[in-house]
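The sequence shown begins at 121 in this note's numbering and counts up one residue at a time.
Cβ atoms here follow ideal geometry from the backbone N, Cα and C, with glycine treated the same way.
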Amino acid sequence: MAEKKQLRIGLIGCGFMGRTHSNGYNRIRNFFPELMYQPVLKAVCSRNPENVRAFADQWGYESSETDWKSLIARDDIDAVDICTPNDTHAEIAIAAAAKGKMILCEKPLSRTLEEGQKMVAAVEKAGVQNTVWYNYRRVPAVTLAKQIIESGKLGKIFHYRANFLQDWTISPELPQGGTGLWRLDVEAAGSGVTGDLLAHCIDTAMWLNGAIKDVSAVTETFIKERVHTGTGKVQKVGIDDACIFHCHFENGSLGLFESTRYARGHKALYTFEINGEHASIRWDLHDLNRLEYFDHRDESIVRGWRSILVTDGDQPYMKRWWVPGLSIGYEHSFIHQAADFLHSLETGEPCHPTFKDALETQKVCEAVIDSANSRSWKNTGVKENIA
Ligand code: SOE
Numbered sequence: 121m122a123e124k125k126q127l128r129i130g131l132i133g134c135g136f137m138g139r140t141h142s143n144g145y146n147r148i149r150n151f152f153p154e155l156m157y158q159p160v161l162k163a164v165c166s167r168n169p170e171n172v173r174a175f176a177d178q179w180g181y182e183s184s185e186t187d188w189k190s191l192i193a194r195d196d197i198d199a200v201d202i203c204t205p206n207d208t209h210a211e212i213a214i215a216a217a218a219k220g221k222m223i224l225c226e227k228p229l230s231r232t233l234e235e236g237q238k239m240v241a242a243v244e245k246a247g248v249q250n251t252v253w254y255n256y257r258r259v260p261a262v263t264l265a266k267q268i269i270e271s272g273k274l275g276k277i278f279h280y281r282a283n284f285l286q287d288w289t290i291s292p293e294l295p296q297g298g299t300g301l302w303r304l305d306v307e308a309a310g311s312g313v314t315g316d317l318l319a320h321c322i323d324t325a326m327w328l329n330g331a332i333k334d335v336s337a338v339t340e341t342f343i344k345e346r347v348h349t350g351t352g353k354v355q356k357v358g359i360d361d362a363c364i365f366h367c368h369f370e371n372g373s374l375g376l377f378e379s380t381r382y383a384r385g386h387k388a389l390y391t392f393e394i395n396g397e398h399a400s401i402r403w404d405l406h407d408l409n410r411l412e413y414f415d416h417r418d419e420s421i422v423r424g425w426r427s428i429l430v431t432d433g434d435q436p437y438m439k440r441w442w443v444p445g446l447s448i449g450y451e452h453s454f455i456h457q458a459a460d461f462l463h464s465l466e467t468g469e470p471c472h473p474t475f476k477d478a479l480e481t482q483k484v485c486e487a488v489i490d491s492a493n494s495r496s497w498k499n500t501g502v503k504e505n506i507a
């Protein structure tokens with residue numbers, strides 16, 4: 121058996137995403153044992169010394185740091201995983217690339233297109249492997265949707281529709297800024313639901329259906345002022361609480377996207393539906409193992425929506441897991457991305473979405489916000505289909 125190689129990981133950020141990524145690395149040895157590169161959790165970094173030590177113990181990191189600059193300076197780290205708020209992505213990624221580290225960055229790539237462009241330039245100049253954690257692509261049912269579209273079964277595509285609905289920011293008592301709530305602070309996040317939730321929908325959409333050419337958007341900030349955790353003062357809220365946009369795809373289809381954190385009753389309702397000339401597919405994160413498929417070419421006596429439970433070994437990623445009929449969950453999308461990243465080191469191929477792919481999503485996000493602010497259609501500038 122070929123000798124195993126180590127990918128020594130340095131993770132920055134101990135929040136929710138730090139946990140999903142750490143869990144991803146920890147499962148590789150058990151479920152992807154054949155990979156030549158196996159992750160070693162070398163160090164984790166966060167500002168609070170007690171929290172970071174507790175996190176290191178819980179998830180199996182060999183050591184901890186409280187300053188990300190010390191982490192990226194270490195010779196025993198091969199790859200830096202950025203799980204910190206969006207306002208730190210660019211600075212950390214650019215510095216890590218300059219030190220020759222591979223980079224795995226949590227989505228969205230950056231707060232702005234300009235920051236994202238600098239990040240792409242930095243990884244390209246350094247020639248380091250990079251990826252952005254748009255994890256939903258690697259839910260097996262979503263990967264299967266990609267295979268079905270590529271097989272041509274849908275025929276010409278007319279419509280792409282996606283929603284990402286949540287309800288956790290309805291209370292005006294919720295402050296902006298600080299742990300967990302930095303998503304409400306425009307300085308830290310860059311935007312609201314557009315960068316946080318629609319970015320997922322846009323990444324999946326352009327992966328499945330090609331480039332988004334232009335957009336027309338409306339946004340709303342329902343709660344205009346909140347106490348800022350940092351200053352203790354009531355401050356203007358700068359994020360979009362809700363965003364709806366429609367668009368043209370390069371392939372001639374129309375897109376309709378909605379996201380909000382004010383849809384009472386919906387916790388993480390990410391859904392998409394694609395309607396083609398012959399067939400349609402739809403998917404729902406709350407029932408993530410299923411893909412629904414309708415084919416007009418079926419005999420009329422059996423024609424109807426099929427509910428495909430994506431758990432068979434010949435369906436994407438599923439041979440890794442249990443036996444047909446037994447489901448997997450949200451966390452597996454991160455395990456799959458970690459595995460694909462490690463595999464990419466073996467093949468020398470990029471692990472998509474790369475920073476460059478994620479920049480295309482950033483272009484759409486920026487055009488969406490510009491369109492809403494100017495109440496006009498905006499070209500996205502997306503030229504290429506993303507891989
Ligand atoms: C926000 O609530 C959030 O955690 C996003 O930041 C994630 O990217 C999304 O997958 C789930 O919702």
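Classify residue 480: buried if its beta carbon has 16 or more other beta carbons within 10 angstroms, exposed otherwise. Buried, since its Cβ has 16 or more Cβ neighbours within 10 Å.
If I follow the unbroken beta strand (DSSP E) through residue 159, where does it start and stop? First-last of the beta strand (DSSP E) with residue 159: 157–165.
Quick check on residue 329: does DSSP put it in helix, strand or coil? Helix at residue 329.
With the cut-off set at 8 angstroms, would you say residue 399 and residue 227 are in Cβ contact? Going by C-beta atoms, residue 399 is not nearer than 8 angstroms to residue 227.
Out of 381, 274 and 240, state which residue places its alpha-carbon closest to the alpha-carbon of residue 290. For the residues 381, 274 and 240, the minimum Cα distance to residue 290 belongs to 381.
Do three or more CB pairs link the region 362–369 to the region 238–257 at distances below 8 angstroms? As far as the Cβ criterion goes, the region 362–369 does not touch the region 238–257, which means the pair count is below three.
If you measure from the CB of residue 316, is any heavy atom of the ligand SOE nearer than 7 angstroms? At least one heavy atom of the ligand SOE is nearer than 7 angstroms to the Cβ of residue 316, so yes.
Three or more C-beta pairs below 8 angstroms linking the region 435–446 and the region 188–203: Cβ pair count under 8 angstroms is below three, so no.
Candidates 262, 426, 362 and 269, of which the one nearest residue 311 by Cα: Comparing Cα-Cα distances from residue 311 to each of 262, 426, 362 and 269, the minimum goes to 362.
What does DSSP give as the partner residue(s) for residue 511 in the beta ladder? Nothing can be reported for residue 511, as the shown portion of the chain is limited to 121 through 507.
Any contact between the region 447–464 and the region 256–276? By contact I mean 3 or more CB pairs, one from each, below 8 angstroms. Between the region 447–464 and the region 256–276, the count of Cβ pairs shorter than 8 angstroms is three or higher; the stretches touch.
Here's a check: name, in chain order, each residue in its chain whose Cβ is nearer than 8 angstroms to the Cβ of residue 357, leaving out the five neighbours to either side. Within its own chain, the residues whose Cβ lies closer than 8 angstroms to the Cβ of residue 357, once the five positions on either side in sequence are excluded, are 296, 304, 306, 341, 343, 344, 345 and 346, listed in chain order.
Once DSSP output is grouped into helix, strand and coil, what is the label at residue 130? In this structure, DSSP gives residue 130 an extended state, which the three-state scheme calls strand.
Got a sec, what are the start and stop residues for the alpha helix (DSSP H) residue 355 sits in? Segment 354–356 is the beta strand (DSSP E) holding residue 355; no alpha helix (DSSP H) there.
Report the residue from 170, 191, 196 and 302 whose alpha carbon sits nearest the alpha carbon of residue 359. Comparing Cα positions, the closest option is 302.
Would you mind stating whether residue 397 and residue 276 have Cβ atoms separated by less than 8 angstroms? Note that the C-beta distance between residue 397 and residue 276 is below 8 angstroms.
Would you call the region 314–325 and the region 276–287 touching, i.e. three or more CB-CB distances under 8 angstroms? A contact between stretches requires three or more CB pairs, one per stretch, nearer than 8 angstroms, and the region 314–325 meets this requirement with the region 276–287.
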